[in-house]
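>
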Amino acid sequence: MAEQLRLMAVHAHPDDESSKGAATTAKYVAEGVDVLVVTCTGGERGSVLNPKLDRPEVWANIAEIRRAEMDAARAILGVEQAWLGFVDSGLPEGDPLPPLPEGCFALQDVAVAAGPLVRLMREFRPHVVTTYDEEGGYPHPDHIMCHKVSVAAFEAAGDAERYPELGEPWQPLKLYYDIGFSKGKILALHEAILATGAESPYAEWLTRWDDRPDKGPRITTRVECAEYFTVRDDALRAHATQVDPDGFWFQVPMDLQQRAWPTEDFELVRSLVDSPLPESDLFAGVRATSHAR
14 MAEQLRLMAV HAHPDDESSK GAATTAKYVA EGVDVLVVTC TGGERGSVLN
64 PKLDRPEVWA NIAEIRRAEM DAARAILGVE QAWLGFVDSG LPEGDPLPPL
114 PEGCFALQDV AVAAGPLVRL MREFRPHVVT TYDEEGGYPH PDHIMCHKVS
164 VAAFEAAGDA ERYPELGEPW QPLKLYYDIG FSKGKILALH EAILATGAES
214 PYAEWLTRWD DRPDKGPRIT TRVECAEYFT VRDDALRAHA TQVDPDGFWF
264 QVPMDLQQRA WPTEDFELVR SLVDSPLPES DLFAGVRATS HAR
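Throughout, the numbering used here is defined as the position within the sequence shown, counted from one, plus 13.
The following block contains the structure:
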């Protein structure tokens, strides 16, 4: 009998699990995969992006509110969830940028900060791990640190000589970076909206695209998960302080999204199994070997 498949998705803040790869995790949960979302920080320094909740009493209790929002989103996605316990670094703004707050996640020593994640990997024993690329998906200091810690933990979890006090070694088999936006995806959505006669919210974004690299060529794995886009959006709305329900992310009709780009996309960056590219399944190459794990 094949072993239970397990997926670990490592994220920087509460709400990231609902905006990055959420339909994929919901799909795998529905298929019987155990999914653990790891949240590195509490999101304490996040902005209140929903104007309806931009109130003093919300700001005064933001840490508790964000935990409650995470609980609601976790239930919607059907995942397990664990906190690493680091403090949000905030997103510095200005020229020059101000220093990061003392003690925040982004200022931790990577080898030390990877320890709690190594422990979780050895306890949960994921076959597949997803996280952000070297730019953090976008250059937030916590996202970049999340990348560094995830890669370090992936490489250390199976080594009995590293972190010997943190449990029996377990080597995950595959590591992926989430590729949330590519030029191809944005262009497909943009053109699909224009074809309906509506105004595209992506028009300005596309005019600036030449200033940023296109990560589309890095995509190795496209997971068909359009039927779970509604679950993704419900989970994202559960993070009510972080998302304006009348804002940008919800302007594109759901049926159009599902038709124009029905996948979530990833880059396979480490693999200890044979999984020819391109893939349509994060567990490609794992399913045949999981009985021996």
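No residue lacks a Cβ here, since even glycine has one placed at the ideal position from N, Cα and C. These numbers come from a predicted model, not from an experiment.
Measure the C-alpha to C-alpha separation of Val97 and Asn63 and round it to an integer number of angstroms.
Note on residue identity: the sequence assigns Leu, not Val, to residue 97. One C-alpha to the other measures close to 26 Å.
> Only counting the same chain, and skipping five residues up and downstream in sequence, which positions put a Cβ closer than 7 Å to that of Pro185?
Met134, Pro139, His140, Val141, Val142, Phe167, Ala170
> Please report the Cβ distance between Pro152 and Leu113, rounded to the nearest whole angstrom; I am assuming they are in contact, meaning their Cβ atoms lie under 8 Å.
The pair is not a contact, with the Cβ atoms about 13 Å apart (cut-off 8 Å).
> Just curious, the alpha helix (DSSP H) that Ala22 is in, first and last residue?
Secondary structure note for Ala22: it is in no alpha helix (DSSP H), and the uninterrupted beta strand (DSSP E) holding it is 19-24.
> Measuring alpha carbon to alpha carbon, tell me which of Glu212, Leu202, Glu217, Phe137 ends up nearest Trp183.
Phe137
> Just the C-alpha distance for Gly56 and Gly210, rounded to the nearest angstrom, thanks.
39 Å
> Express the C-alpha separation of Glu82 and Leu110 in angstroms, rounding to a whole number.
Rounded to the nearest angstrom, the two C-alpha atoms are 30 Å apart.
> From the DSSP output, which residues share a beta bridge with Tyr189?
Thr143, Leu281
> What separation, rounded to the nearest whole angstrom, lies between the Cα atoms of Trp222 and Lys228?
11 Å
> Pick helix, strand or coil for Glu82, following the three-state DSSP scheme.
helix
> Would you kindly work out how many angstroms separate the C-alpha atoms of Ala173 and Glu181, rounded to a whole number?
7 Å
> Count the other C-beta atoms from every protein chain shown that fall within 10 angstroms of the C-beta of Val125, then say buried if there are 16 or more, exposed otherwise.
exposed
> Does the region 263-273 come within contact of the region 61-77, defined as at least 3 CB pairs closer than 8 Å?
no
> Please name the residue, chosen from Val131, Ala119, Val46, Trp218, that lies closest to Ser163 on a Cα-to-Cα basis.
Nearest option by C-alpha distance: Val131.
> Using a Cβ-Cβ cutoff of less than 6 Å, which residues in the same chain neighbour Ala76 once the five nearest sequence positions on both sides are dropped?
Gly55, Glu57
> Cutting at 8 Å between CB atoms, please list the residues of its own chain near Leu295, excluding the five before and the five after it.
Within the same chain, Leu295 has close Cβ partners Leu20, Thr37, Tyr41, Val141, Thr143, Lys187, Tyr189, Thr234, Val236, Phe279.
> Roughly how many whole angstroms lie between the Cα atoms of Gln94 and Gly298?
Distance between the alpha carbons of Gln94 and Gly298: 26 Å.
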